[in-house]
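The structure under discussion appears below in the form of structure tokens.
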Amino acid sequence: MSEIDVPESFNAAAYFVDRNLEEGRADEPAILAEDREISYRELAENVNRAGNALLQLGVQMEQRVLLALLDGPEFAYCFFGAMKIGAVPVPVNTMLKPQDYEYFLADSRAR
807 MSEIDVPESF NAAAYFVDRN LEEGRADEPA ILAEDREISY RELAENVNRA
857 GNALLQLGVQ MEQRVLLALL DGPEFAYCFF GAMKIGAVPV PVNTMLKPQD
907 YEYFLADSRA R
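To convert, take the position in the sequence shown, counting from 1, and add 806; that gives the numbering used here.
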């Protein structure tokens, strides 16, 4: 079996978002949603904005964040924003009942 190089640290948001900026794709489409086209530059700006908002709310590395968002660019902003600050996004369906959210909050230990 051949050896593989395992990085000391890996951040999926940096890989899927920031890497595209570094490789010159800032103005290329990252997300195509109904009537919107989001470039990698816009994605990165909004991911950073979401990550900073989570930090201002006191979210710390390795803490879980429950995400109850509809499919769309905003989901990507929050999902990658949580990852970028080292938090763990926990996506849940937006059609759940209040007691279901209570269960997921307790089970995942999300904030």
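The beta-carbon is built from N, C-alpha and C at its ideal position, and this holds for glycine as well.
In this text the structure is predicted, and so the values were computed from the model without any measurement.
What residues match up with S845 in a beta bridge as DSSP calls it?
-> Working through the sequence shown from its first residue, we reach residue 845 at position 39. Paired residue(s): P835.
How far does the alpha helix (DSSP H) with L873 in it extend, from its first residue to its last?
Counting from 1 along the sequence shown, the entry for residue 873 is found at position 67. That residue, L873, is in no alpha helix (DSSP H); its beta strand (DSSP E) goes R870 to L873.
With DSSP as the reference, label P904 as helix, strand or coil.
Indexing the sequence shown from 1 puts residue 904 at position 98. Here P904 sits in helix by DSSP.
| request: Return helix, strand or coil for V853, following the three-state DSSP convention. | output: In the sequence shown, counting from the first residue as 1, residue 853 sits at position 47. Here V853 sits in helix by DSSP.
Problem set entry | Extent of the continuous beta strand (DSSP E) run through P897 | If you number the sequence shown from 1, residue 897 lands on position 91. V894 to P897 is the span of the beta strand (DSSP E), which, as asked, contains P897.
Taking the alpha-carbon positions, what's the Y828 to S914 distance?
-> By 1-based counting over the sequence shown, the position of residue 828 is 22. By 1-based counting over the sequence shown, the position of residue 914 is 108. The identity of residue 828 in the sequence shown is Glu, whereas the question assumes Tyr. Their backbone Cα atoms lie some 34 Å apart in a straight line.
query = At what residues does the alpha helix (DSSP H) containing P879 begin and finish?
reply = By one-based count along the sequence shown, residue 879 stands at place 73. P879 -> alpha helix (DSSP H) spans P879 to K890.
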